[in-house]
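This note's numbering numbers the first residue of the sequence shown as 34 and each following residue consecutively.
Structure record follows, encoded as structure tokens.
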Amino acid sequence: MSLNIREISINDVEAFTTLMQKVYDESEYMLYAPGEYVPSLEYAISNLEEVITSPHLAILVAEKSDMLVGYITIVSKKLHRIEHKARIAMGVLNQEQGFGIGQALLDVCKNWCRDHQMTRIELTVVTDNTSAYRLYKRAGFKVEGEMQHTLKIDDQYFNEYMMAYIVH
């Protein structure tokens, strides 16, 4: 089965919304709790249209056998002094993890950022999320700090690492 990493299109709106819901429902450490991410179709379309038309936003999707199995969001600001920075977030379906999809998404993301004159990529990862942390370390991201009590899940607080990659 071949993997295709590409920029999202408006035709992906329903498949992408379903992917996001599955990733959030499966993951221990994502921002949304299971069942919390339920956007209307109109909202999802509006958001995708903004991403597709903005030079400061992108969503890359991983497609396998005509099914979306992962994504990475890229967000930058129009402000001149920080337009070189991108903030990313990503997710891959549980059953698809461990097959190089996350690494492939990060590789294409780095190229996208380079092509758009972005020289710094930032992300946060929950310190207990060892598989994601290891992926980012292997991809060249470096820990720049640890933020305390940034996520609360079932009355337990979790810390996050702030990580960054300098695009060469």
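Ideal Cβ placement from N, Cα and C applies to all residues, glycine included.
- Shortest Cα-Cα distance from M63 to any of E179, M196 and V158 involves V158.
- Look at N37 here: in three-state DSSP terms it is strand.
- Within a 10 Å sphere around the beta-carbon of I186 sit fewer than 16 other beta-carbons, which makes this residue exposed.
- In this structure, the alpha-carbon of I85 lies about 21 Å from that of E155.
- In chain order, T157, V158, V159, T160, E179, M180, T183 and L184 place their CB closer than 8 Å to the CB of E193, counting only its own chain and leaving out the 5 sequence neighbours on each side.
- Shown here, L101 sits in a strand according to DSSP, grouped into three states.
- Runs of the alpha helix (DSSP H) spanning 4 or more residues and lying entirely within the region 126-174 occur at 134-148 and 163-171, in chain order.
- Taking every protein chain shown into account, the CB of S164 has fewer than 16 other CB atoms within 10 angstroms, so this residue is exposed.
- With distances taken between CA atoms, K170 lies nearest to Q136 out of I115, I38, A91 and Q136.
- Distances from the CA of V108 to each of W145, G68 and S79 were compared; the closest alpha carbon is that of W145.
- At least 8 Å separates the beta-carbon of I115 from that of I105.
- Secondary structure of Y65 (DSSP, three-state): coil.
- Between L81 and I43, the beta carbon gap of about 6 Å places them in contact (Cβ cut-off 8 Å).
- The Cβ-Cβ distance between G103 and V71 does not fall below 8 Å.
- Each residue's CA atom was taken as its position, placing K110 and K118 some 8 Å apart.
- For Y194, the secondary structure class from DSSP, reduced to helix, strand or coil, is strand.
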